[in-house]
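First up is the structure itself, then whatever we jot down about it.
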Amino acid sequence: MRVLLKSFLSSDPPSNKVLETRPDAYSQRGIHSREDDGLVLYLPPQNVPKGSKAQYEIVLHRPTTETLHQIYSLYRTTDPEEAELKFIVFKDKIPVFIEVAKEMCNVHGLQKICDILTEHPSWTLAHLAAHFGLHDSFSNSRVNCYLNSSDPETGMSPLQVAISTHNLKTVQILVSANCSLEHLDHEANSVFHYAASTTKEIIA
Numbered sequence: 001m002r003v004l005l006k007s008f009l010s011s012d013p014p015s016n017k018v019l020e021t022r023p024d025a026y027s028q029r030g031i032h033s034r035e036d037d038g039l040v041l042y043l044p045p046q047n048v049p050k051g052s053k054a055q056y057e058i059v060l061h062r063p064t065t066e067t068l069h070q071i072y073s074l075y076r077t078t079d080p081e082e083a084e085l086k087f088i089v090f091k092d093k094i095p096v097f098i099e100v101a102k103e104m105c106n107v108h109g110l111q112k113i114c115d116i117l118t119e120h121p122s123w124t125l126a127h128l129a130a131h132f133g134l135h136d137s138f139s140n141s142r143v144n145c146y147l148n149s150s151d152p153e154t155g156m157s158p159l160q161v162a163i164s165t166h167n168l169k170t171v172q173i174l175v176s177a178n179c180s181l182e183h184l185d186h187e188a189n190s191v192f193h194y195a196a197s198t199t200k201e202i203i204a
């Protein structure tokens, strides 16, 4: 109860809450890791205000014009190992995914992406596109090269993800793109097993 009350009274947002922020907030921060496409893992600030935590921070920088940038704080933690692991999950997926699916580059969209990557850190870009029903993304080579990929943790393919979301149009697009209908997940479930628990339109 004490921990719950302390969390409720804390002025710090949850560590996984996506926040839109400003460039000047990072002008004096050291950099732990950086990707060329705008994802940065910052070291904790040197001068931490009293009562605040010295946190590592994963930040996405997105240029909108030559002078303006959208900047989003994706994750904050005091644990350097946790920060590094989260950065590894995010770095190969989020910058590319929002380049392909620009409509997701906002606080709400990024929150959805970060949440699903926390739940499924080994998903590919095609798994993400299937989950969110981003049909236009499948025409992009950076996404469709993963159409028959398998999630190392569950064995699920993007088509199986699409079926589980009950999104008929996504399923139709993936089937027409020659996604494998023979794929089995780690529990030996085929796409037909997934379809059996969904709508009659998808079964058809």
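Residue numbers for the sequence shown follow UniProt numbering, so the first one is 1 and each next one is one higher.
Where a beta carbon is used, it is the ideal one built from N, C-alpha and C, also for glycine.
- Cβ neighbours of residue 180 within its own chain (closer than 6 Å, five residues either side excluded): 148.
- When secondary structure is reduced to three states using DSSP, residue 142 falls in the helix class.
- In this structure residue 18 is not in contact with residue 68, their Cβ atoms being roughly 19 Å apart against a cut-off of 8 Å.
- When only Cα atoms are considered, residue 92 and residue 48 end up about 30 Å apart.
- DSSP places residue 110 inside the alpha helix (DSSP H), whose first and last residues are 107-119.
- Only residues of its own chain outside the window of five on either side were considered, and among them none has a CB closer than 6 Å to the CB of residue 99.
- Using a Cβ-Cβ distance cut-off of 8 Å, the region 157-168 and the region 117-134 are in contact, since at least three pairs of beta carbons, one from each stretch, lie closer than that value.
- Judged by DSSP in its simplified three-state form, residue 147 adopts coil rather than helix or strand.
- For residue 26, no alpha helix (DSSP H) run applies, since DSSP gives it neither H nor E.
- Residue 155 sits close to residue 185, with the two beta carbons spaced by under 8 Å.
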